[in-house]
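Number of protein chains: 2
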Amino acid sequence: MHKPKVDVNRVFQALGDPTRRTIVEKLSQRPHSVSGLAAPLGITLTAVTQHLQVLEESGLVRTVKTGRVRTCSLDTPGLSALEHWIRDRRSTWERRLDRLGDFLAESGGDA
Amino acid sequence: MHKPKVDVNRVFQALGDPTRRTIVEKLSQRPHSVSGLAAPLGITLTAVTQHLQVLEESGLVRTVKTGRVRTCSLDTPGLSALEHWIRDRRSTWERRLDRLGDFLAESGGDA
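Chains as they are written, first to last, in my numbering: chain G, 1 to 111; chain U, 1 to 111.
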């Protein structure tokens, strides 16, 4: 139950690849089997399995094996890590713009 | 004034690189000159300029040249494109989970 903390660097690396982004987009619609992912992407089962492993390790996808079928679905820790990273960048930046605004107001805009 | 729409694929590709993520993190603290970015990263001016070009093209960074100094700062269209992409994935997925919940409730959880 204790999932390791997701490394946002891994998430960015995972989603830097267009095939992996397409997999995440497909899985946000509904879960897919590995072969169901591979066929429309026109890639081999081996290739899709490698991409899935990267996505699993970055907390974006989870897979469950039932009998002989492995079903893949979207997982949320990866998306959450990404959201936090963006929010941190934005908030630091916006705080800075606020301070700059205060400074310009105090100095009459001539600074 | 009419900025071209940011392509989220470009944003992911830009941020898939750890050096470019570090540049964005630094710029969210405060604007930097090109040489001010290059020195702590231990990379050449040419290398940092190439990274900045990728970041500018994906709406994450903007640069302003004043005299001989080029100042780089964070730009928001790239971060916004990224946020939208994540929100779209999440909302599609959460709607699906809601429908699944309804289905399981209706079928008494035996499905």
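We put the CB at the ideal spot given by N, CA and C, even for glycine.
Source: prediction; values computed, not measured.
Selection of the stretch 95-109 of chain U by Cβ proximity to chain G, strictly under 8 angstroms: 96
Contact the stretch 52-61 of chain U vs the stretch 2-17 of chain U: 3+ CB pairs below 8 angstroms: Segments in contact, yes.
Backbone secondary structure at residue 69(U) - three-state DSSP: strand
Neighbour list for residue 50(U) in chain A, Cβ cutoff strictly below 8 angstroms: Although the question refers to chain A, the structure presented lacks it and instead comprises the protein chains G and U.
CB contact below 9 angstroms: residue 62(G) versus chain U: no
Under 9 angstroms between C-beta atoms of residue 24(U) and residue 80(U): No.
Residue 33(U) - partner residues in DSSP beta bridges: 71(U)
Beta-carbon proximity of residue 99(U) to residue 76(G), cut-off 9 angstroms: no
Nearest neighbour of residue 30(G), chosen from 101(G), 49(G), 67(G), 63(G) [CA to CA]: Comparing Cα-Cα distances from residue 30(G) to each of 101(G), 49(G), 67(G), 63(G), the minimum goes to 63(G).
Cα-Cα separation between residue 66(U) and residue 74(G), rounded to whole angstroms: Distance between residue 66(U) and residue 74(G), taken at the CA atoms: about 47 angstroms.
Element boundaries [alpha helix (DSSP H), containing residue 43(U)]: Per DSSP, residue 43(U) belongs to no alpha helix (DSSP H) and is neither H nor E.
Beta-bridge pairing of residue 63(U) - partner residues as DSSP gives them: 72(U)
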